[in-house]
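**Q** Protein chains in written order, with my numbering: chain A, 1 to 187; chain B, 1001 to 1235.
Every residue, glycine too, gets a C-beta built ideally from N, C-alpha and C.
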Amino acid sequence: MDAMSDSATKDQATEAQVAAALARCATGDRAALRVVYDAEAGRMAGVARRMLRRQDLAEEAVQDTFVRVWRSARTYDPGKGAARSWLYAILRNCALSILRDEGRFIADEHVAEEAAPMTESALARLPETSALRRCLERLDPQRRAVVVLAYVHGLSHGELAGKLGVPLGTVKSWVRRSLISLQECMG
Amino acid sequence: MNAPDRNEQTIAAEYVLGLLDHAENADMERRLSSDPALAREVESWRLRFSEFDDTTAPRPAGDELWRRVETAVADPAVRAETAAPAFTRFWNSLAVLRATAMGASLAALVLAVGLGFAIHAARQQPIMIAVLLDGDRAGAVVHTFADGRHVLLPLTSIDVPRGRALQVWTLPSRERGPVSVGLMNQARTLELSLADLPATRPDQLFEITLEPETGSPTGRPTGPILFKGNTASAL
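1) For T1055 (chain B) and R133 (chain A), what's the separation of their Cα atoms in angstroms?
2) Check the DSSP bridge columns for M1184 (chain B) and list the partner residues they point to.
3) Could you tell me the boundaries of the alpha helix (DSSP H) in which T1071 (chain B) lies?
4) Closer than 7 Å by C-beta to P1198 (chain B): which residues in its own chain qualify, once you throw out the five before and the five after it? Chain order, please.
5) Where do the N-terminal and C-terminal ends of the beta strand (DSSP E) with K163 (chain A) fall, by residue?
6) Between the Cα of H1143 (chain B) and those of B:E1014, B:D1027, B:T1189 and B:N1025, spot the shortest distance and give me the residue it belongs to.
7) Pick helix, strand or coil for G1018 (chain B), following the three-state DSSP scheme.
8) For a contact defined as C-beta to C-beta under 8 Å, what are the partners of W1066 (chain B) on chain A?
9) Does any CB atom of chain A fall closer than 8 Å to the CB of F1049 (chain B)?
10) Quick check on the DSSP output: what are the complete beta strand (DSSP E) runs of length 3 or more inside the stretch 4-49 of chain A, in order along the chain?
11) Anything in chain A within Cβ reach of E1324 (chain B), meaning under 8 Å, just list it in chain order.
12) For S121 (chain A), go through chain B and note every residue whose CB falls closer than 8 Å to its CB, in chain order.
13) Using the C-alpha atoms, what's the distance from T1222 (chain B) back to S1216 (chain B)?
14) Going by CA-CA distance only, name the one from B:G1148, B:I1127, B:P1154 and B:R1149 that's closest to A1138 (chain B).
15) Could you check where the beta strand (DSSP E) with V1142 (chain B) kicks off and where it finishes?
16) Could you check what DSSP says for I1127 (chain B) in three-state terms: helix, strand or coil?
17) Which partner residues does V1179 (chain B) have in the DSSP bridge list?
18) Is the Cβ of A161 (chain A) closer than 8 Å to any Cβ of chain B?
19) Within the 8 Å Cβ cut-off, does S130 (chain A) reach chain B?
20) Is it a yes or a no for the stretch 79-93 of chain A touching the stretch 1035-1047 of chain B, going by three-plus beta-carbon pairs under 8 Å?
21) Under the assumption that M44 (chain A) contacts R1048 (chain B) (Cβ atoms under 8 Å), give the Cβ distance between them as a whole number of angstroms.
22) Specify, as a first and last residue, the run of the beta strand (DSSP E) that G1229 (chain B) falls within.
23) If we ignore side chains and look at the alpha-carbon of each, how far apart do G169 (chain A) and T1156 (chain B) end up?
24) Below 7 Å between beta carbons is the criterion; list the residues of the stretch 1132-1151 of chain B that meet it against any residue of chain A, in chain order.
25) Mind listing which residues of the stretch 1187-1204 of chain B have their C-beta closer than 8 Å to chain A's C-betas, in chain order?
26) So is T1156 (chain B) in contact with chain A if we call contact Cβ pairs under 8 Å?
27) Among all the DSSP beta bridges, which residues are the ones paired with F1206 (chain B)?
28) Confirm, please, whether the CB-CB distance from A116 (chain A) to A145 (chain A) is below 8 Å.
29) Please confirm if F1052 (chain B) has its CB atom under 8 Å from at least one CB of chain A.
30) Taking all protein chains shown into account, do 16 or more other C-beta atoms lie within 10 angstroms of the C-beta of I1225 (chain B), making it buried, or fewer, making it exposed?
31) For G1223 (chain B), would you say it is in contact with chain A, using Cβ-to-Cβ distances shorter than 8 Å as the test?
32) Tell whether a beta-carbon distance below 8 Å holds between A21 (chain A) and V36 (chain A).
33) List the residues of chain B that L164 (chain A) touches, going by C-beta distances under 9 Å, in chain order.
34) Three-state secondary structure (DSSP) at L126 (chain A)?
So, in structure tokens, the structure goes:
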């Protein structure tokens, strides 16, 4: 079996496993939450860490995520989307609320870093065959950066404007145009 | 419902990126529950961007963090919002009943509601169960559901040496011999692939063997049998 179809099969197996475990969480089965944790928590911590930069905050985001998953497993509807999309949407929400919590001070370690290398290193990790990568690479570097940095590092419009040294309105219009190009390119 | 126009598609993407402000975000969440086309748009953006999430090197998150999760979900404020299993709810309602000595008509109502939950739960119960044993130690159960799904649930942790995997087999018939229906690198809940096989019969053998990481090279079990058992109809 070649590497790509092997990983596709593995992804399908993980998806089925997570979906089945969420159904069991909805009945109050704590062991099923552990199944989701074992399957995804490590990756979730990595995703949260790219946004929050600190391991302790990343773990806090993962913990918040699992509490919300446990509490709202009943509302997950497999007809509306993949189980893993649902999990990672909750994780993004939890990480962003920590990141944007005005009540606490999180040293913004993103500030010092240049937009271009941050963007390129995120892109370089995508597989060569990735449609997302191909379509992002077609965009002008700064317009590519706004989308990548917003998703991967959780930057807001204001933070993007600061990092790229352009007005807020310009960032907003770059984001919109980049998303339109991506939509057309990815179909 | 019309397909989302370009502006809607962009807003869906900005929502996924986390770029909407508070009011826009709240508005989006309200609309998502009632607008399936918009919900599909959001899901398709989530799937597109999820490629970035998959580039994170998966590292084990560890037991320490799990203990924090467990403590947090054990908090009564959290637990209260979780659906208790039907029977727990049923017995809880009886306990409430005894404690407050409610009237007989209300008691009948509570019983009826409890039974309703129990019947609902029963619809999702397996039609056949195989308990996979090692001697008298139960390692896993295989549930067969009316819709043809088979789910393996581990009952114990199983040591899997590095570079090895657990492979699940069934014996649909003696002539055909054992067929692989699942592979995993650790004991976990696994949906088995029996779709291409004849319907599972009572007394059909399931077993778990220890095999190389990518599964048995011969397509037949080669490693030691860890657990085995036969299906029986659920009562």
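**A** This is what the structure gives:
1) 12 Å
2) B:L1166
3) T1071 (chain B) -> alpha helix (DSSP H) spans D1063 to A1074.
4) P1172
5) Careful: K163 (chain A) lies outside any beta strand (DSSP E), inside the alpha helix (DSSP H) at H157 to L164.
6) B:T1189
7) coil
8) R34, Y37 and A41
9) yes
10) none
11) Absent from the structure is residue 1324 (chain B), since the part of chain B shown begins at 1001 and ends at 1235.
12) Proximity of chain B to S121 (chain A) at the Cβ level (cut-off 8 Å) is not reached, the minimal Cβ distance being about 10 Å.
13) 6 Å
14) Cα-wise, what sits closest to A1138 (chain B) is B:P1154.
15) R1137 to T1144
16) Correct three-state label for I1127 (chain B): coil.
17) B:T1170
18) no
19) yes
20) Contact holds: three or more Cβ-Cβ distances are below 8 Å.
21) M44 (chain A) to R1048 (chain B), Cβ: 19 Å. No contact.
22) G1229 (chain B) -> beta strand (DSSP E) spans I1225 to S1233.
23) 57 Å
24) Answer set for the stretch 1132-1151 of chain B: V1151.
25) R1188, T1189, L1190 and E1191
26) no
27) B:T1170 and B:G1229
28) Yes, the Cβ-Cβ distance between A145 (chain A) and A116 (chain A) is below 8 Å.
29) Using a Cβ-Cβ cut-off of 8 Å, F1052 (chain B) counts as an interface residue toward chain A, since at least one Cβ of chain A sits closer than that to its own.
30) exposed
31) no
32) yes
33) Neighbours of L164 (chain A) on chain B: none; closest Cβ ~14 Å, over 9 Å.
34) Coil, per DSSP.
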